[in-house]
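Chains as they are written, first to last, in my numbering: chain A, 13 to 272; chain B, 296 to 670.
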């Protein structure tokens, strides 16, 4: 993280060495790129790049391996916690394994996988990117789509009488005993981005210490899916998403073992 | 019944067996012994009849051997844990029965796409739907044609005895590693539950390529990383990828054909059968020979790749063929493809069982009489 001396201008950013320099396929304003970068920073700071394996999921996370320079495997739709369980078992628990999943993947087709992975006592970390719709396929309703939100399959807005209510995953899973940490963060402000990074750091450290399953939900902008500009998307997170999905730590049983 | 038609020496490499003991056990137990003796220490299982004694035994035995047994929440989960484990470089497997096998198909397609070495045992039961919990051979299409999406192939081995089950499970792990491919051992409830003598002598099948591609973190690989992705969207890579896969499949079709025959060289009537049904058919053939009828048995062991050429040659000798399988007619399609109209082909299948309920079986006398009637 040293400031490069040959650069005379004031350094306003740096690229973590784990970030692979190539054109991004993410839409303008999408926050997957930012989340990938945070992961790169955290992995570097924890100095575990040689012993960590990432599992990405179907959806926009599937190409995370193109930007994050660590061992990676793509899971089928919803199956990331299972694939991660297999990888972890193959190493008899000795490596750090995380899943990076979107809300369509995790909260719909993969909800059972997550719950059972926690219930089975797996030592994994799940980073859950919630952007309230199926982004990759063009903005359909997800289980996390909020009431009134328009999507390509709720063209009149999500009506609870017809489409039901959004799922709050970070709260939902707290009843599971082996889950020791569940937090919800956002990336709409600098402060919240820093908070997200801290939560991810803590989640991975929990796994490295062998304390239990750790889970971080991250509210994230999807301008293409929401049909909003990138800046309006950040406002929408603040005004609409956060009232449905309050930020915070919903479970933390780490005690003093891992500092926040 | 003596271990008639599988030449074990063909399988075994030189080398001192690690242990030898002769025991009585079921086909399902032989699956466990075969896997353990092949060095498999990771098993992911889900209960479904009639294969429950496989995960039950593995849950007891693997931890004693320093291995890991995980009970999953579904067959979907089992196959995806196998996917993760084999990508990380270990020998891992799962077992299931027909409805569970259906659930696994997407994962199997994924494993095929990622070119990972995995082993799956399907102890077939009657279908379609939830079907029965009793024996059948109705997953032949699904296993041999690639039951998932995308037109992949996998090696399918069909043992017919407890001994051969033990050996082919070891062979399955070997072939999986050699070709980086899914290998399915296609059994059935009779084979899984029947008790026979087993000579437990681990096979030495020779070296397999090093798994230098395994996901174990970059530090173990001098900073190099590996990625397994089955999204094939990169420009300029899809068609070469398909071509490379096809080359591999064609190599397997050339080199991994396995079959066995008995009285097939001079048979007028050649009965074609695999798995437990081949045992039933064998008795019908034995009875025919005793009554001076020149019948023979052709038993495919590798169901994919199917022994087409050998069967075609056999058809030049015999005057008629009969396919015996406990289904409504699946393997018969491969037989027809191989033989074309060289000889007439008759079918004896599930409708010839002795009971109308799910517990019926095709008995040797039924096969014998049915073929006599047809001739």
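Note that CB positions come from ideal geometry on N, CA and C, so glycine has one too. All values derive from a computational prediction rather than experimental measurement.
| query | result |
| --- | --- |
| What does the alpha-carbon distance come out to for the pair residue 39 of chain A and residue 346 of chain B? | 48 Å |
| Just how far apart, CA to CA, sit residue 270 of chain A and residue 261 of chain A? | 14 Å |
| Determine the direct distance from the alpha carbon of residue 320 of chain B to that of residue 490 of chain B, and round the result to whole angstroms. | 5 Å |
| Would you mind telling me which residues of chain A sit closer than 7 Å to residue 510 of chain B, beta carbon to beta carbon, in chain order? | 65, 83, 85, 99 |
| Could you check the C-alpha separation between residue 328 of chain B and residue 461 of chain B for me, to the nearest Å? | 7 Å |
| By the three-class DSSP mapping on this structure, what secondary structure does residue 593 of chain B have? | strand |
| Hey, which unbroken runs of the beta strand (DSSP E) at 3 residues or more fall wholly within the region 579-634 of chain B? | 590-595, 597-599, 615-619 |
| What residue range does the beta strand (DSSP E) around residue 365 of chain B cover? | 363-366 |
| Is the Cβ of residue 147 of chain A closer than 8 Å to any Cβ of chain B? | no |
| Counting only Cβ pairs nearer than 7 Å, list the residues of chain A close to residue 521 of chain B. | 83 |
| For residue 112 of chain A and residue 138 of chain A, what's the separation of their Cα atoms in angstroms? | 6 Å |
| Out of B:388, B:369, B:374, which one is the CA nearest neighbour of residue 362 of chain B? | B:388 |
| Could you check whether the Cβ of residue 407 of chain B sits closer than 8 Å to any Cβ belonging to chain A? | no |
| Between which residues of its own chain and residue 664 of chain B is the CB-CB distance below 7 Å, once the five residues before and five after are set aside? | none |
| Just grab the DSSP bridge partners of residue 388 of chain B for me. | B:338, B:414 |
| Could you tell me whether the region 363-370 of chain B touches the region 69-80 of chain A, where touching means 3 or more Cβ pairs closer than 8 Å? | no |
| Of all Cβ atoms in chain A, is any one closer than 8 Å to the Cβ of residue 616 of chain B? | no |
| Counting only beta-carbon separations shorter than 8 Å, does residue 337 of chain B have a partner in chain A? | yes |
| Count the other CB atoms, across all protein chains shown, that sit within 10 Å of the CB of residue 28 of chain A; report buried if there are 16 or more and exposed otherwise. | buried |
| Using 8 Å as the limit for Cβ to Cβ distance, is residue 351 of chain B near chain A? | no |
| Among A:224, A:122, A:237, which has the Cα closest to the Cα of residue 135 of chain A? | A:224 |
| Given residue 659 of chain B, which residues of its chain have a CB within under 6 Å of its CB, disregarding the five upstream and five downstream residues? | 575, 578, 579 |
| Are any of the Cβ atoms in chain A nearer than 8 Å to that of residue 484 of chain B? | no |
| Is the number of C-beta pairs between the region 374-390 of chain B and the region 93-100 of chain A that are closer than 8 Å three or more? | yes |
| Just verifying my parser: in three-state terms, what is the DSSP assignment at residue 240 of chain A? | coil |
| Under three-state DSSP, which class holds residue 647 of chain B? | helix |
| How many Å lie between residue 60 of chain A and residue 106 of chain A at the Cα? | 12 Å |
| Taking C-beta pairs closer than 7 Å, name the residues in chain B that residue 61 of chain A reaches, listed in chain order. | 513 |
| With DSSP as the reference, label residue 12 of chain A as helix, strand or coil. | Shown here, chain A extends from 13 to 272; a query on residue 12 of chain A therefore has no answer. |
| Any chance the region 582-591 of chain B sits against the region 515-528 of chain B, with 3 or more Cβ pairs inside 8 Å? | no |
| Would you list, in sequence order, the uninterrupted beta strand (DSSP E) runs of no fewer than 3 residues that lie entirely inside the region 528-561 of chain B? | 554-557 |
| In its own chain, which residues sit with a C-beta less than 6 Å from the C-beta of residue 237 of chain A, not counting the 5 before and 5 after it? | 145, 147, 151 |
| In chain order, what residues of the same chain have a beta carbon less than 7 Å from the beta carbon of residue 536 of chain B, not counting five sequence neighbours either side? | 527 |
| Secondary structure at residue 55 of chain A, three-state DSSP: helix, strand or coil? | helix |
| Does the structure place the region 62-72 of chain A close enough to the region 338-355 of chain B that three or more beta carbon pairs sit under 8 Å? | no |
| What does residue 269 of chain B reach in chain A if we use C-beta pairs closer than 7 Å? | This structure does not reach residue 269 of chain B, given that chain B is present from 296 up to 670, and the question cannot be answered. |
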